[in-house]
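Worksheet for the structure shown next.
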Amino acid sequence: MAEIEVKGGKKGSPRIDLTPMVDLGFLLITFFMFTTTMSKPKAMEIQMPYKDDKLQEEDKNKIKNDEALTLLLSKDHRVYYYNGIGDDPSNPPDVQVTYFRDKDGLRDVLINKKKTVQNLISQGVLRATDKAIVLIKPDDNSTTEDLINALDEMTINAIPVYAVVDITPVDKDFIKATEAANPQ
Numbered sequence: 117m118a119e120i121e122v123k124g125g126k127k128g129s130p131r132i133d134l135t136p137m138v139d140l141g142f143l144l145i146t147f148f149m150f151t152t153t154m155s156k157p158k159a160m161e162i163q164m165p166y167k168d169d170k171l172q173e174e175d176k177n178k179i180k181n182d183e184a185l186t187l188l189l190s191k192d193h194r195v196y197y198y199n200g201i202g203d204d205p206s207n208p209p210d211v212q213v214t215y216f217r218d219k220d221g222l223r224d225v226l227i228n229k230k231k232t233v234q235n236l237i238s239q240g241v242l243r244a245t246d247k248a249i250v251l252i253k254p255d256d257n258s259t260t261e262d263l264i265n266a267l268d269e270m271t272i273n274a275i276p277v278y279a280v281v282d283i284t285p286v287d288k289d290f291i292k293a294t295e296a297a298n299p300q
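The numbering of the sequence shown is my numbering, which starts it at 117 and goes up by one.
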C-alpha cells in the first residue's frame, strides 16, 4: 500500500511498497506458462513398401508407364514433365514444360494425371489397386524452394505415391532437347 510519512507537519514524499508487484509478476508468468499450447513438431510421413508374397522378385520395384509421371525440376522454376518413366532413350517421351503457377501450372498437370489413371482403371487397362505415381527428379541447378513446392503440390493434390529420385543423364538430355526446341 502507498503510505505517506509525515514528519513534523511537513508533507513527505509517498513511499510505494513494490512487494505485491513481485507476487503479481510471478502469478502472470505462471498463468501464461499453464495456458500456452506447445506446438508439436511436424514431420513428413513416409510410406514404407508393403510386403506382397504373390509378387515375383523382378516385379517388386517396377512402375507401370501408364501410372507414372516424371517431373524434372530445373532452373528458373521450370518443371519439365512427361508421362511414364522415360527409361528408353531410343524412344524419348513427349517432354513438356510448366511452372509453379495457378493457371496451367503443375497442379493442373497432376490433376490431369490422376484423371487419366482413373480412366485407365475404369477401362480395365490398370488394376483397381494402381495409383498415380510421381517421380520428382531435381536437377543440379534447381532450387530447394522448387523441391518444397513440388512436395507441397503432392500433398495438396493427394498424390498417394511419390518419390524424390536422382536425375539421370538421360533426363538431363531430355531437358536440353526440350530447351533447344522451345527457346524461352
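Even for Gly, the Cβ is constructed at its ideal location relative to N, Cα and C.
Practice task
Alpha carbon to alpha carbon, how far is Val250 from Ala266? Give it in angstroms, no decimals.
Solution key: Within the sequence shown, numbered from 1, the residue matching residue 266 stands at position 150. Within the sequence shown, numbered from 1, the residue matching residue 250 stands at position 134. Rounded to the nearest angstrom, the two C-alpha atoms are 10 Å apart.
Exercise for the section: Put Lys180 into one of helix, strand or coil per three-state DSSP. Expected result: What you label residue 180 is simply residue 64 of the sequence shown in a count that begins at 1. In the displayed model, Lys180 falls within coil according to three-state DSSP, outside both helix and strand.
Problem - Through-space distance from Leu226 to Met183, alpha-carbon basis - result: Stepping through the sequence shown from its first residue, residue 183 is reached at position 67. Stepping through the sequence shown from its first residue, residue 226 is reached at position 110. The identity of residue 183 in the sequence shown is Glu, whereas the question assumes Met. Each residue's Cα considered, the two are about 12 Å apart.
Practice task
Following the continuous alpha helix (DSSP H) through Thr146, name the residue where it begins and the one where it ends.
Solution key: Looking up residue 146 in the sequence shown gives position 30. Note, Thr146: alpha helix (DSSP H), Thr135 to Thr151.
Problem - Cβ pair count under 8 Å reaching 3, the segment 210 to 220 against the segment 189 to 199 - result: Contact between the segment 210 to 220 and the segment 189 to 199 is present, because at least three Cβ pairs lie under 8 Å.
Problem - Residues bridged to Leu242 [DSSP beta-bridge criterion] - result: Translated into the one-based positions of the sequence shown, residue 242 becomes position 126. For Leu242, which the question treats as bridged, DSSP gives no partner whatsoever.
Handout entry: Supposed contact pair Arg223 and Glu269 - C-beta distance, whole angstroms, cut 8 Å
Key = Taking the first residue of the sequence shown as 1, we reach residue 269 at position 153. Taking the first residue of the sequence shown as 1, we reach residue 223 at position 107. Their Cβ separation, rounded to whole angstroms, is 6 Å, which keeps Glu269 and Arg223 in contact under 8 Å.
Problem - Ser274 - containing beta strand (DSSP E), residue span - result: Here the question's residue 274 lines up with position 158 in the sequence shown. What sits at residue 274 in the sequence shown is Ala, not Ser. Note, Ala274: premise wrong, no beta strand (DSSP E); not H, not E.
Practice task
Give me the Cα-Cα distance between Leu242 and Asp203, rounded to the nearest whole angstrom.
Solution key: The residue you call residue 242 lines up with position 126 of the sequence shown. The residue you call residue 203 lines up with position 87 of the sequence shown. Taking the straight line joining both Cα atoms gives about 20 Å.
Problem - Contacting residues, own chain, Cβ-Cβ under 6 Å from Asn235 (five flanking each side not counted) - result: Taking the first residue of the sequence shown as position 1, residue 235 is located at position 119. So the list is empty, once near-sequence residues are dropped.
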